[in-house]
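Taking the numbering used here, the leading residue of the sequence shown gets 6, the next gets one more, and so forth. Down below is the structure, laid out as structure tokens.
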Amino acid sequence: MISTNAFNYINVLDKAADASWKRENVIINNLSNVNTPGYKRKDLSFEGVLREAMGHCQSESLTEKVDSLQAELKDLNPLVYTDLENYSYRLDTNNVDVDVEEAEFASEQIRYQGLIAAINNEFKCMQTVLN
């Protein structure tokens, strides 16, 4: 994490990209356990954690909210949880649906690529200013 105000957006985007990458790994783990009896699908939530942290900020502008997050950014960690723990449509009580997992994985890949593109764009803007 870089500690200057110029990198505040990049730091938040970096944290979100890390969470997205972790969610991809959770989804891959779900897919690899599709035939494991009794396995319950896991998921990862970062958006809720970030939304809650930003909601505690009293300021109105996004820039001020992002600036206020810097002190607690290292404590913003995605939460892995068991999804629909009591639900199963299979006799072996596994609740992983391959179609859902593949759709979630594709969606997460798009999110990750978007976050990386946003980080690159922030650096390009800085480079333009410095040139």
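Glycine included, C-beta positions come from ideal geometry on N, C-alpha and C. Remember, predicted model here, so these are calculated numbers, not experimental data.
Alpha-carbon spacing of residue 131 relative to residue 85, whole angstroms = 34 angstroms
Taking residue 27 as part of the alpha helix (DSSP H), name the residues at either end of that continuous run.
-> Residues 13-37.
Under three-state DSSP, which class holds residue 93?
-> coil
Start-to-end residues for the alpha helix (DSSP H) that takes in residue 117 = According to the DSSP assignment, residue 117 belongs to the alpha helix (DSSP H) that extends over 103-135.
CB contact flag (residue 18, residue 124, <8 angstroms) | yes
Assign residue 120 to one of two classes, buried (16 or more other C-beta atoms within 10 Å of its C-beta) or exposed (fewer than that).
-> buried
Residue 47 vs residue 30 beta-carbon contact at 8 angstroms | Contact check for residue 47 against residue 30 fails: the beta carbons are separated by 8 angstroms or more.
How far does the beta strand (DSSP E) with residue 49 in it reach, from first residue to last?
-> That run of the beta strand (DSSP E) goes 47-50.
In the DSSP assignment, find the unbroken beta strand (DSSP E) run with residue 87 in it and report its ends.
-> 84-87
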